[in-house]
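Trainee: What follows is a structure written as C-alpha coordinates; I'll ask about it next.
In full-length UniProt numbering, the protein residues as written are 1 to 177.
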(Lines of atoms letter the chains of each structure in order from A and count residues from 1; the text may use other names and numbers.)
(Lines give C-alpha, C1' and ligand atoms only; values in the text may rest on other atoms or scores of the structure.)
Protein backbone atom coordinates (compact mmCIF):
# COMPACT_ATOMS: atom_id res chain seq x y z
CA UNK A 1 0.00 0.00 0.00
CA UNK A 2 1.41 3.39 -0.96
CA UNK A 3 1.27 6.46 1.24
CA UNK A 4 -1.51 7.94 -0.89
CA UNK A 5 -3.57 4.76 -0.53
CA UNK A 6 -3.19 4.74 3.26
CA UNK A 7 -3.99 8.42 3.51
CA UNK A 8 -0.63 9.51 4.89
CA UNK A 9 0.79 12.93 4.20
CA UNK A 10 4.52 13.29 3.60
CA UNK A 11 4.50 16.70 1.91
CA UNK A 12 5.17 18.54 5.19
CA UNK A 13 8.28 16.52 5.95
CA UNK A 14 6.58 14.14 8.36
CA UNK A 15 4.45 11.09 7.80
CA UNK A 16 1.13 10.60 9.53
CA UNK A 17 -1.99 8.62 8.84
CA UNK A 18 -4.90 10.85 7.78
CA UNK A 19 -7.39 7.97 7.74
CA UNK A 20 -8.32 8.83 11.36
CA UNK A 21 -9.69 12.21 10.27
CA UNK A 22 -13.21 12.87 9.08
CA UNK A 23 -13.41 13.94 5.44
CA UNK A 24 -15.41 16.96 4.35
CA UNK A 25 -18.29 16.26 2.01
CA UNK A 26 -20.54 18.57 0.05
CA UNK A 27 -24.19 18.21 0.95
CA UNK A 28 -26.94 18.27 -1.64
CA UNK A 29 -28.31 21.52 -0.16
CA UNK A 30 -25.07 23.24 -1.14
CA UNK A 31 -25.95 22.85 -4.83
CA UNK A 32 -28.81 25.28 -4.29
CA UNK A 33 -27.04 27.49 -1.74
CA UNK A 34 -24.05 27.90 -4.05
CA UNK A 35 -26.33 28.85 -6.95
CA UNK A 36 -27.63 31.86 -5.03
CA UNK A 37 -24.29 33.63 -5.54
CA UNK A 38 -25.85 34.75 -8.83
CA UNK A 39 -28.52 37.34 -8.13
CA UNK A 40 -29.64 37.34 -11.76
CA UNK A 41 -29.80 34.48 -14.24
CA UNK A 42 -27.67 36.47 -16.69
CA UNK A 43 -24.70 36.27 -14.33
CA UNK A 44 -25.14 32.51 -14.23
CA UNK A 45 -25.21 32.34 -18.03
CA UNK A 46 -22.07 34.51 -18.11
CA UNK A 47 -20.29 31.87 -15.96
CA UNK A 48 -20.99 29.25 -18.63
CA UNK A 49 -19.97 31.59 -21.45
CA UNK A 50 -16.71 32.28 -19.58
CA UNK A 51 -15.97 28.55 -19.73
CA UNK A 52 -16.37 28.62 -23.52
CA UNK A 53 -13.94 31.53 -23.68
CA UNK A 54 -11.44 29.70 -21.46
CA UNK A 55 -11.75 26.67 -23.78
CA UNK A 56 -10.59 28.94 -26.64
CA UNK A 57 -13.89 28.61 -28.50
CA UNK A 58 -14.14 30.54 -31.75
CA UNK A 59 -17.89 30.00 -32.03
CA UNK A 60 -20.58 30.00 -29.37
CA UNK A 61 -24.28 29.30 -29.84
CA UNK A 62 -26.83 29.87 -27.07
CA UNK A 63 -30.35 28.55 -27.59
CA UNK A 64 -33.47 28.26 -25.45
CA UNK A 65 -36.12 25.73 -26.34
CA UNK A 66 -39.37 24.76 -24.65
CA UNK A 67 -40.26 22.15 -27.30
CA UNK A 68 -37.20 19.96 -26.76
CA UNK A 69 -37.50 20.22 -22.99
CA UNK A 70 -40.96 18.64 -23.19
CA UNK A 71 -39.47 15.48 -24.69
CA UNK A 72 -36.62 15.38 -22.16
CA UNK A 73 -38.76 15.84 -19.03
CA UNK A 74 -39.20 12.45 -17.38
CA UNK A 75 -41.74 13.16 -14.64
CA UNK A 76 -43.83 16.10 -15.84
CA UNK A 77 -47.57 15.57 -15.72
CA UNK A 78 -49.41 16.49 -18.96
CA UNK A 79 -51.01 19.62 -17.45
CA UNK A 80 -48.03 20.61 -15.30
CA UNK A 81 -45.93 23.60 -16.33
CA UNK A 82 -42.43 22.62 -17.41
CA UNK A 83 -39.45 24.78 -18.05
CA UNK A 84 -37.34 25.00 -21.12
CA UNK A 85 -33.88 23.88 -22.02
CA UNK A 86 -30.96 26.27 -22.35
CA UNK A 87 -28.14 24.92 -24.49
CA UNK A 88 -24.70 26.42 -24.85
CA UNK A 89 -22.69 24.93 -27.70
CA UNK A 90 -19.13 25.91 -28.50
CA UNK A 91 -16.19 24.68 -30.54
CA UNK A 92 -13.66 24.93 -27.71
CA UNK A 93 -10.93 22.42 -26.90
CA UNK A 94 -13.25 20.14 -24.91
CA UNK A 95 -12.42 18.02 -21.89
CA UNK A 96 -11.19 14.49 -21.48
CA UNK A 97 -12.80 12.11 -18.99
CA UNK A 98 -10.64 13.20 -16.04
CA UNK A 99 -11.19 16.90 -16.74
CA UNK A 100 -14.95 16.39 -17.11
CA UNK A 101 -15.21 14.59 -13.78
CA UNK A 102 -13.10 17.26 -12.07
CA UNK A 103 -15.61 20.00 -12.95
CA UNK A 104 -17.98 18.51 -10.38
CA UNK A 105 -15.37 18.87 -7.62
CA UNK A 106 -15.97 22.07 -5.69
CA UNK A 107 -13.01 24.41 -5.51
CA UNK A 108 -10.92 22.39 -7.97
CA UNK A 109 -9.76 24.17 -11.11
CA UNK A 110 -7.22 22.99 -13.65
CA UNK A 111 -7.16 26.57 -15.00
CA UNK A 112 -5.87 28.19 -11.81
CA UNK A 113 -2.26 28.46 -12.92
CA UNK A 114 -2.91 29.29 -16.56
CA UNK A 115 -2.50 33.01 -17.35
CA UNK A 116 -5.43 34.74 -19.00
CA UNK A 117 -8.06 32.28 -17.81
CA UNK A 118 -11.27 33.66 -16.33
CA UNK A 119 -12.11 30.55 -14.31
CA UNK A 120 -9.79 30.17 -11.34
CA UNK A 121 -11.78 28.77 -8.43
CA UNK A 122 -13.64 25.69 -9.64
CA UNK A 123 -17.07 27.01 -8.79
CA UNK A 124 -18.63 28.83 -11.76
CA UNK A 125 -19.92 25.87 -13.76
CA UNK A 126 -21.82 24.41 -10.81
CA UNK A 127 -23.09 27.70 -9.39
CA UNK A 128 -24.12 28.94 -12.84
CA UNK A 129 -25.78 25.72 -13.98
CA UNK A 130 -27.67 25.23 -10.71
CA UNK A 131 -28.87 28.87 -10.74
CA UNK A 132 -30.32 28.40 -14.23
CA UNK A 133 -31.97 25.02 -13.66
CA UNK A 134 -32.24 22.04 -11.33
CA UNK A 135 -30.61 19.69 -13.83
CA UNK A 136 -27.41 20.02 -15.84
CA UNK A 137 -26.16 17.79 -18.64
CA UNK A 138 -22.74 18.42 -20.15
CA UNK A 139 -21.48 16.84 -23.35
CA UNK A 140 -17.83 17.36 -24.19
CA UNK A 141 -15.45 15.78 -26.67
CA UNK A 142 -11.67 15.66 -26.74
CA UNK A 143 -9.29 13.36 -28.60
CA UNK A 144 -12.14 11.22 -29.92
CA UNK A 145 -13.70 10.65 -26.49
CA UNK A 146 -17.25 11.93 -25.92
CA UNK A 147 -18.10 12.38 -22.25
CA UNK A 148 -21.57 13.03 -20.86
CA UNK A 149 -21.98 14.22 -17.28
CA UNK A 150 -25.27 14.63 -15.39
CA UNK A 151 -25.71 16.69 -12.23
CA UNK A 152 -29.36 16.72 -11.15
CA UNK A 153 -31.09 18.32 -8.18
CA UNK A 154 -34.31 16.65 -9.40
CA UNK A 155 -32.64 13.25 -8.93
CA UNK A 156 -31.39 14.21 -5.46
CA UNK A 157 -34.87 15.32 -4.41
CA UNK A 158 -36.56 12.26 -5.92
CA UNK A 159 -34.37 9.87 -3.90
CA UNK A 160 -33.81 12.12 -0.84
CA UNK A 161 -30.03 12.04 -1.31
CA UNK A 162 -27.98 14.11 1.13
CA UNK A 163 -24.56 14.00 -0.57
CA UNK A 164 -23.81 15.33 -4.04
CA UNK A 165 -23.92 12.43 -6.50
CA UNK A 166 -23.40 12.59 -10.23
CA UNK A 167 -23.13 10.22 -13.12
CA UNK A 168 -21.19 10.20 -16.35
CA UNK A 169 -20.67 8.01 -19.35
CA UNK A 170 -18.25 8.15 -22.22
CA UNK A 171 -17.90 6.82 -25.75
CA UNK A 172 -14.48 6.41 -27.32
CA UNK A 173 -13.42 6.19 -30.93
CA UNK A 174 -15.30 9.22 -32.22
CA UNK A 175 -13.52 11.12 -34.94
CA UNK A 176 -12.94 14.85 -34.62
CA UNK A 177 -15.07 17.00 -36.90
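Yeah, the Cβ is synthetic: ideal placement off N, Cα and C, and Gly gets one too.
Small disclaimer: the values here were computed from a predicted structure and weren't measured.
#1: List the residues that DSSP assigns as beta-bridge partners of residue 163.
#2: Considering Cα atoms alone, identify which of 54, 29, 43, 35 is closest to residue 115.
#3: Give the secondary structure of residue 182 by DSSP, where H, G and I count as helix, E and B as strand, and everything else as coil.
#4: Could you check which residue in 168, 18, 33 has the C-alpha nearest to that of residue 102?
#5: Three-state secondary structure (DSSP) at residue 61?
#6: How is the beta strand (DSSP E) around residue 135 delimited, first residue to last?
#7: Bridge partners for residue 88 per DSSP, in chain order?
#8: What is the DSSP secondary structure of residue 171, reduced to helix, strand or coil?
#9: Run through DSSP, which three-state label would residue 96 get?
#10: When the distance is taken between beta carbons, is residue 37 closer than 9 Å to residue 123?
#11: Please classify residue 51: is it buried, with 16 or more other beta-carbons within 10 angstroms of its beta-carbon, or exposed?
Mentor: This is what the structure gives:
#1: 27
#2: 54
#3: Lying outside 1 to 177, the shown extent of the chain, residue 182 is not represented and no answer is given.
#4: 168
#5: strand
#6: Unbroken beta strand (DSSP E) run through residue 135: 135-142.
#7: 62
#8: strand
#9: coil
#10: Closer than 9 Å, so yes.
#11: Of the other Cβ atoms in all chains shown, 16 or more fall within 10 Å of the Cβ of residue 51; this residue is therefore buried.
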